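Counted the way my numbering counts, the sequence shown spans residues 1 to 189.
Using N, Cα and C, we set each Cβ at its ideal position, and we do this for glycine too.
Since the model is a prediction, treat every value here as computed from it, not as a measurement.
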Amino acid sequence: MQAFDAARDKLFSDFTVFSFISFLMKREFDWQLRRLEYPALKLGTSVTLQPIAKAKECTTYRQEDVQAKLKAAGNLFADSDIGGANRLCLPPDTRLEISPRSITFENRFCKATWKLDEIPIMMDHMKPGSQTADVPTTASGKPQFDSRVSGLNAEVTYFARRAKSLDMEKYKAWITRLMTDSHAWFESK
């Protein structure tokens, strides 16, 4: 992986942003998603995700649209298969912005941004899975492995001018679900 020696920070941030987009396309593809859980006794729990928003209740981003936004942000994974749903159904008039280190949704009701910390919480160069302090190097003398742990922080602002709207609760439920599910998605990996 010498090609990435000089760009390890970029590789890490691009992969994190791409992973968040993948999470959206696989688990949060409809802002009014219905999640049903069925206990399967000894086999655990079966979960189904059902999109319920009607077309007029969505701003739709197709996978190609999302990939174009990744590409515009200079993301190295922009041409990779995102997987999941063919489209992302966001609340009406929601703008999706992707930058090299963040993802933002903004509409009349709220603005929500997930942003990668500038400095990793932890970084090591040991071979993954090895229980030794051995740090293998590349031919250039740089560490072969680069493992990082970093925060992906969410910042949400609900706009006061819409506070009394009957629809505000739907937007709050959507953002709360995104925050809870994104935390579970990244913490379980």
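Between residue i and residue j, how many whole angstroms is the CB-CB distance? I'm expecting something under 8 Å.
i, j, result
"residue 61", "residue 11", "That belief does not hold up - the Cβ atoms of residue 61 and residue 11 are roughly 25 Å apart, past 8 Å."
"residue 17", "residue 98", "7 Å"
"residue 37", "residue 47", "5 Å"
"residue 116", "residue 102", "7 Å"
"residue 185", "residue 154", "About 13 Å separates the two Cβ atoms, so there is no contact after all."
"residue 88", "residue 24", "6 Å"
"residue 34", "residue 52", "5 Å"
"residue 85", "residue 29", "4 Å"
"residue 13", "residue 100", "6 Å"
What residues are listed by DSSP as bridge partners for residue i?
i, result
"residue 46", "38"
"residue 152", "116"
"residue 30", "89"
"residue 62", "87"
"residue 111", "106 and 157"
Just the Cα atoms here: how many angstroms apart are residue i and residue j?
i, j, result
"residue 65", "residue 165", "30 Å"
"residue 45", "residue 39", "4 Å"
"residue 170", "residue 178", "12 Å"
"residue 15", "residue 182", "15 Å"
"residue 107", "residue 78", "24 Å"
"residue 167", "residue 156", "17 Å"
"residue 1", "residue 142", "Interpretation of residue 1 is limited by its pLDDT of 41, a score under 50 that renders its predicted location unreliable; the figure taken from the coordinates is listed afterwards. Taking the straight line from one Cα to the other gives about 10 Å."
"residue 175", "residue 19", "18 Å"
"residue 109", "residue 173", "12 Å"
"residue 70", "residue 140", "31 Å"
"residue 68", "residue 80", "11 Å"
"residue 190", "residue 130", "No answer is possible for residue 190: it lies beyond the span of the chain, which begins at 1 and ends at 189."
"residue 7", "residue 74", "13 Å"
"residue 72", "residue 31", "24 Å"
"residue 94", "residue 55", "14 Å"
"residue 180", "residue 49", "15 Å"
"residue 41", "residue 27", "24 Å"
"residue 162", "residue 92", "14 Å"
"residue 22", "residue 43", "27 Å"
"residue 134", "residue 105", "43 Å"
Every unbroken beta strand (DSSP E) inside the region 81-109 [3 residues or more] | 87-90, 95-99 and 102-106
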